[in-house]
Structures are given as C-alpha cells and as structure tokens.
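For the sequence shown, the working numbering gives the first residue as 3, with consecutive numbering after it.
Each residue gets a CB set at the ideal place from its N, CA and C atoms; glycine is no exception.
All remarks here apply to the structure that follows.
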Amino acid sequence: MNLFQSERLGAGALLQRGFASPIAAELLADIDTIAQAAPFRHMVTPGGFTMSVALTNCGDCGWSSDRQGYRYRDDDPLTGQRWPAMPALFRELASNAAQSAGYAGFEPDACLINRYAPGARMSLHQDRDEADFTQPIVSVSLGMSAVFQFGGLSRNSPCAKVLLEHGDVVIWGGADRLRYHGVLALKGPAHPATGEQRINLTFRKAQ
Ligand code: MD6
Ligand code: FE
C-alpha cells in the first residue's frame with residue numbers, strides 16, 4: 003500500500019506528496035551540519051552570471067559551475083576539502099523514494115543542495131552532467147513552496163506547473179530523465195521549519 007498521495011508527472015516521473023515529511027526536521031539538521039563544513043555559495047555560470055540560488059553538496063562528488071563549465075568534482079572548490087559525506091538518512095530516503103517509483107537499486111553518489119531565498123529562481127535546464135542517464139534523479143523539497151516547471155525534451159516545449167511543498171519528493175528517470183525543468187522566482191509565505199527559505203536536495207548517480 004502506498005500511504006502517500008502520488009501524482010504521475012510523466013511515464014518515468016512521479017511526485018510523492020509528503021514522502022519526506024516524517025524526517026524533514028532531521029534532514030534540515032543534517033543540512034545545517036553539512037553547511038558548516040561546506041558553506042552555501044553562489045556559483046558563476048559558464049556565461050558569467052551569478053546564480054540566484056546558493057548551493058552546496060554532500061557525497062562522493064558534488065556538482066559545481068564556473069566560467070569553464072558545469073562538472074562534478076570530488077573536492078569543494080571553496081575549501082579544497084572533500085565534500086561532506088552523505089548521511090545514511092539521505093541515502094535511504096533517496097533509495098526508498100526511487101524504489102517507490104519503480105527504480106530499484108538506486109545508490110546516489112552525489113547530493114546537490116540548493117537554497118532559495120525570496121526572488122531566487124532556476125531557469126529552464128536539463129540535468130545532463132551525469133555519466134549514466136538510465137539512473138533516475140530524486141528531488142526533495144523542504145521549506146517554502148515553489149512552482150516547478152516541468153517541460154519537454156526541447157527548451158520550447160510547453161511546461162506543466164507543479165507546486166512543490168515541504169516534504170514533497172519527485173522521482174524522475176526513464177523517458178523523462180532529460181526533460182527541461184526549472185523553478186519560478188520564490189515568493190509567498192515563510193515556512194515554520196525554514197523561515198524565508200526553500201531547500202531542494204537532488205540525489206544523483208553522477209559517476
Ligand atoms: C529545484 N530542481 O527543485 C531544482 N533537477 O530546486 C532541479 O533542478 C531538479 O528537482 C533534476 C531533477 C529534479 C529536480
Ligand atoms: Fe535540475
């Protein structure tokens with residue numbers, strides 16, 4: 003039996019409402035600990051723009067951007083240290099969520115942690131810096147709600163808009179793995195768990 007409200011977003015994509023709610027407080031505490039070792043920072047895109055979203059990572063490798071491009075790296079360019087280890091709770095959440103959507107055996111090696119303040123947004127993009135597109139991505143939303151745009155396989159395909167709320171988890175892979183997606187500028191009420199912030203975790207098998 004599935005206790006969560008699910009919404010199918012595509013043949014390979016599922017939204018599990020509230021899937022992370024029971025452990026949200028522990029996730030946020032772990033994120034604070036990670037951010038003490040690997041602080042949130044605003045990276046520069048290859049095009050020279052500073053991202054409005056602040057990010058950090060945990061896991062064996064972490065996503066990063068600079069003028070040279072996007073890539074996964076084993077060390078944090080800000081500190082020169084390895085990224086903090088991925089907590090077991092994170093790995094289990096990602097693996098359980100993937101399993102619930104039909105992706106058995108998902109073992110993420112990277113967790114990108116995005117932090118949105120009011121006004122921050124993520125323009126339409128594809129996630130294509132990972133080695134193996136047969137592996138899904140698991141995305142966990144915490145704190146303030148945001149409007150997620152879920153497009154098609156080309157940048158100008160029409161976008162569905164989905165409100166992602168505290169505790170929601172999106173799992174996508176298969177035919178949907180390379181769909182364009184983005185997040186509209188954050189606005190609306192603060193959330194009791196995070197204040198005026200939204201945190202998004204994306205779990206990937208990057209290498
Ligand atoms: C966000 N998420 O929700 C940004 N990418 O803040 C993403 O860019 C994303 O949610 C790949 C898969 C799931 C995602
Ligand atoms: Fe993405």
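**Request:** Following the continuous beta strand (DSSP E) through residue 59, name the residue where it begins and the one where it ends.
**Result:** Along the sequence shown, read from residue 1 onward, the residue named residue 59 stands at position 57. Where residue 59 is concerned, the enclosing beta strand (DSSP E) stretches over 56-61.
**Request:** Report, in whole angstroms, the separation of the C-beta atoms of residue 19 and residue 170, which I expect to be a contact under 8 Å.
**Result:** Taking the first residue of the sequence shown as 1, we reach residue 19 at position 17. Taking the first residue of the sequence shown as 1, we reach residue 170 at position 168. Correct: roughly 6 Å between the Cβ atoms.
**Asked** With a Cβ-Cβ cutoff of 8 Å, do residue 17 and residue 172 count as a contact?
**Response** The residue you call residue 17 lines up with position 15 of the sequence shown. The residue you call residue 172 lines up with position 170 of the sequence shown. Taking 8 Å as the Cβ cut-off, residue 17 and residue 172 qualify as a contacting pair.
**Residues bridged to residue 9 (per DSSP)** = By one-based count along the sequence shown, residue 9 stands at place 7. In the DSSP output, where bridge partners are listed per residue, residue 9 has 17.
**Asked** Should residue 110 and residue 64 be called a contact, given that it needs their Cβ atoms to be closer than 8 Å?
**Response** If you number the sequence shown from 1, residue 110 lands on position 108. If you number the sequence shown from 1, residue 64 lands on position 62. The answer is no: Cβ separation not under 8 Å.
**Request:** Would you give the residue range spanned by the alpha helix (DSSP H) that residue 147 belongs to?
**Result:** Numbered from 1 along the sequence shown, position 145 holds the residue referred to as residue 147. Segment: none, residue 147 is in no alpha helix (DSSP H) and carries neither H nor E.
**Request:** Please look up how many angstroms separate the CB atoms of residue 13 and residue 178, rounded, as I've assumed it's under 8 Å.
**Result:** Here residue 13 refers to the residue found at position 11 of the sequence shown. Here residue 178 refers to the residue found at position 176 of the sequence shown. With a Cβ gap of about 6 Å, residue 13 and residue 178 count as contacting.
**Request:** Mark residue 145 as exposed unless 16 or more other C-beta atoms lie within 10 angstroms of its C-beta, in which case mark it buried.
**Result:** Start at 1 with the first residue of the sequence shown, and residue 145 comes out as number 143. That one is buried.
**Asked** When you compare each of 75, 124, 77 and 8 to residue 201 by their alpha carbons, which one comes out closest?
**Response** The residue given as residue 201 occupies position 199 in the sequence shown. Cα-wise, what sits closest to residue 201 is 124.
**Prompt:** Closest by CA to residue 54, which one among 136, 166 and 118?
**Reply:** Here residue 54 corresponds to residue number 52 of the sequence shown, with the count starting at 1. For residue 54, the nearest C-alpha among the options comes from 118.
**Item:** Span of the alpha helix (DSSP H) around residue 32
**Value:** What you label residue 32 is simply residue 30 of the sequence shown in a count that begins at 1. Residues 26-39.
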